[in-house]
Amino acid sequence: MQQRTEILKMLYRDNEILIFDEPTAVLTPQETGRLFSILREMKKEGCSIIIITHKLSEVLEISDRVSIFRKGESVAEIETAATNAQELTELMVGRAVEMNIAHPPVPPDTKTVAEIQDLTVVDREKKKRLNGVTLTLRAHEILGIAGIAGSGQKELCEAIVGMQKATGSIRFLGQEILGMTPGQIMRAGFNIGFVPEDRLGTGLVGDLDLTQNVMLKSYRQTKGMFLDTVSGKDTAARIVAEYHVSTPGTSQLIKRLSGGNIQKVLLGREIDHDPALLIAAYPVRGLDIAASYFVYNQLNAQKKRGAAVLLIGEDLDVLLQLCDRIAVLHDGKLMGVVSAGSVTKQELGLMMTGQTVEGAVRA
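First residue of the sequence shown: -1, per our numbering; consecutive thereafter.
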């Protein structure tokens, strides 16, 4: 609602120059289409419009010219009609990039990793942030969560890992974990990886170095009164090498790394423990295309290994390509779980606004 309000304020003021920074990040496809129609009319009336976005499909749809930035420099300016997504990607990254998102098949008879029944979260104002959500998370599968920002995604993730009080039931590998704290879940041996949307707040500590942040997941398992910093440094060095983290060393403060490298450290730390369930909330937000595709590949690798992956995303095109099933949340309610191979982006958009879509294949 804040995003819509800001857009309306800009349009209402009758400005001659409009600058939009990721205007469609939290809009449905239908809302994006309406916004673009308005912008085309304003262009006809003489407005100059700048749109900053990471969604190349929207760049190609709405713009007349494209200016490509890389590492703070403008490296090219191209007429939109004379380019394509592949060329724009290569200019952004500085090298050729494989743009196909792999989709490994789900083997038959996969086991259930987690069962969520009637999950409800109520905030301090007595509003239901989650309202009776029921989901099944399976091994060798990526379940995507689509929804307008604030539809209950954060509460769903935090309830599963013990950070949010909730009612209902969460059974992990047959054992009830609802009501347990994150520490209790870890000490009980329930292996859940969590990549939260708040990297430097919930996921990592900015004033700690890379090694210390890697050890946050395991330091309580150290026997005796001294931390095993040697093992921690070895693990951090391995993550730096395997995930191509650009850093002077493992003693570098996390807050001094770029957003993409911070995300690689966080993702690497969680995956390093071979979780049975990996929860990733907006894992590519703010990342360049090369880093984004690296993350997609890592999620697919966990799926192949046998983990259940819960992916909270905002780019419906990516969710449709990467996920096996997609659950849609609206105002805390589950609108349905559909097969990613049988639903359209427009149908997902309608479900995100609370509408029931006839004919969408349930999964």
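Where is the CB? At the ideal position from N, CA and C, for every residue including glycine.
- Within its own chain, the residues whose Cβ lies closer than 7 Å to the Cβ of Lys302, once the five positions on either side in sequence are excluded, are Pro102, listed in chain order.
- The Cβ atoms of Thr87 and Leu54 lie closer than 8 Å to each other.
- Asp116: member of the beta strand (DSSP E) spanning Thr110 to Val120, first to last residue.
- Taking a C-beta distance under 8 Å as the contact criterion, Ile168 and Ala325 do not qualify as a contact pair.
- Apart from the 5 residues on each side of it in sequence, Val282 sits with its Cβ closer than 6 Å to the Cβ of Ser290 and Val293 in its chain, given in chain order.
- Residue environment analysis places Phe67 among the exposed positions, since fewer than 16 neighbouring C-beta atoms fall within 10 angstroms of its C-beta.
- Spanning the alpha carbons of Leu117 and Gln151 requires a straight line of approximately 12 Å.
- Nearest Cα to Gln115 within the set Ala147, Ala83, Thr351 and Thr165: Thr165.
- With respect to Ile252, Leu206 sits close: the two C-beta atoms are nearer than 8 Å.
- When Gly181, His138, Gly130 and Gly177 are compared, the shortest CA-CA separation from Thr110 is found for His138.
- The continuous stretches of alpha helix (DSSP H) do not include Lys253, and DSSP gives it neither H nor E.
- Secondary structure at Asp207: strand, using DSSP grouped into helix, strand and coil.
- The way I'd put it, the segment 272 to 288 does touch the segment 190 to 207; three or more beta-carbon pairs between them come closer than 8 Å.
- Nearest C-alpha to Ser61 among Lys69, Ala80, Val307 and Lys262: Ala80.
- Taking Ile48 as the centre and dropping the five residues before and after it, the same chain places the C-beta of Ile17 closer than 6 Å to its C-beta, in chain order.
- Taking the Cα of Met184 as reference, the smallest distance to any Cα among Val131, Gly204, Glu113 and Leu275 is reached at Leu275.
- Residue environment for Leu202: buried (at least 16 other C-beta atoms within 10 angstroms of its C-beta).
- DSSP places Leu327 within a strand segment (E or B) once states are collapsed to three.
- Within the same chain, Cβ atoms closer than 7 Å to the Cβ of Ser149 are found at Leu327, His328, Asp329 and Gly330, the five residues on either side in sequence being excluded.
- Distances from the alpha-carbon of Leu198 to those of Ala239, Ile260 and Ile146 put Ile260 closest.
- A distance of 8 Å or more separates the beta carbons of Ala147 and Leu128.
- Our two residues, Arg267 and Gly257, have alpha carbons roughly 16 Å apart in a direct line.
- Membership of Ile50 in the beta strand (DSSP E) is indicated by the continuous run Ser46 to Ile50.
- Collapsing the DSSP output to three states places Asp62 in coil.
- For Glu96, there is no enclosing alpha helix (DSSP H), as DSSP marks it with neither H nor E.
- Only exposed fits Gly177, as fewer than 16 other CB atoms lie within 10 angstroms of its CB.
- Sequence-distant partners of Pro273 (beyond 5 residues in either direction) whose C-beta falls short of 7 Å from its own C-beta, in its chain, are Asn189, Ile190, Gly191 and Ala305.
- Taking every protein chain shown into account, the CB of Met213 has 16 or more other CB atoms within 10 angstroms, so this residue is buried.
- Closest in C-alpha terms to Gln319, from the list Val91, Asn98 and Gly160, comes Asn98.
- According to the DSSP assignment, Asp322 belongs to no beta strand (DSSP E), since it is labelled neither H nor E.
- In this structure, the beta-carbon distance from Thr26 to Gly352 does not fall below 8 Å.
- C-alpha of Ala234 to C-alpha of Pro246: approximately 13 Å in a straight line.
- Leu276: member of the beta strand (DSSP E) spanning Leu275 to Ala279, first to last residue.
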